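Participant: Shown below is the structure under consideration.
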Amino acid sequence: QEIISALRVKLTPEQKDRLVQKKTIEEEAYDLFLRGRELSWHATKSNSIEARNLLERAVTISPDFAAAHSLIGATYVNDYANGWAEIPEQSLQTALEIAGRAVQLDEADPQAHEVLAMALFFHRELDRALAEARRCLGLAPNSAGGHVVIARILTYSGDAAGAINMIDANMRLDPLYRD
């Protein structure tokens, strides 16, 4: 009984509000999202295209599905960053728009802020990118991806020491990090 009492989670008012505000996602849309997310983790051009197709189907079913929107944005960022896009600037612009929409749909979604930060980074809007990445970490302090985004921004900005601290945090937090 003592252990159960000790484990009781105390939510902040903001956390309680977030739970109440969560929108219901159709089961089929969520399944498409999970399949698209899995494909996006295996970063190849063909997987990026297939993931985007699945995710676009998910948002057709559930238009307010912020996580699906942010992952679509991430596929466009990956296309831009890896040279897969036929028109790179158009891909980056699409990523910015879709990631911005994801943040509008769910301001409390750390992944949406992470993707928007990456798109802004490649668009060379470093101050805005850093603000979005910090918002990601404010929402999810253990986000390995959020730490990587900040490390990239700090590296590009000339703050090597700060970037190293973020990389160290990423290595601690990312269960898939290879030593």
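Quick note: the numbering used here has the sequence shown finishing at residue 268, numbered continuously throughout. Yeah, the Cβ is synthetic: ideal placement off N, Cα and C, and Gly gets one too. Fair warning: this is a prediction, and the values are worked out from it, not measured in the lab.
Out of curiosity, what's the CA-to-CA distance linking L185 and A155?
Facilitator: Roughly 14 Å between the two C-alpha positions.
Participant: With three or more beta-carbon pairs closer than 8 Å as the criterion, would you say the region 215-224 touches the region 168-187?
Facilitator: Judged by Cβ distances under 8 Å, the region 215-224 makes no contact with the region 168-187, as fewer than three pairs qualify.
Participant: With respect to the alpha helix (DSSP H) encompassing E115, which residues constitute its N-terminal and C-terminal limits?
Facilitator: Here E115 belongs to no alpha helix (DSSP H), and DSSP marks it neither H nor E.
Participant: Can you list, in chain order, the residues of its chain with a C-beta nearer than 6 Å to that of A233? Leave out the 5 residues immediately preceding and following it.
Facilitator: Counting only Cβ-Cβ distances below 6 Å, and skipping sequence neighbours, we find N259, L262, D263.
Participant: For L143, report the span of its alpha helix (DSSP H) as first-last.
Facilitator: That run of the alpha helix (DSSP H) goes 134-150.
Participant: Which full runs of the beta strand (DSSP E) of 3+ residues lie inside the region 194-227, going along the chain?
Facilitator: You should have found no qualifying run.
Participant: With a threshold of 6 Å on Cβ separation, who are the neighbours of Y165 within its own chain once the five nearest residues in sequence on each side are excluded?
Facilitator: So the qualifying residues of the chain are S180, T183, A184.
Participant: Less than 8 Å between the C-beta atoms of V148 and A140, yes or no?
Facilitator: Taking 8 Å as the Cβ cut-off, V148 and A140 do not qualify as a contacting pair.
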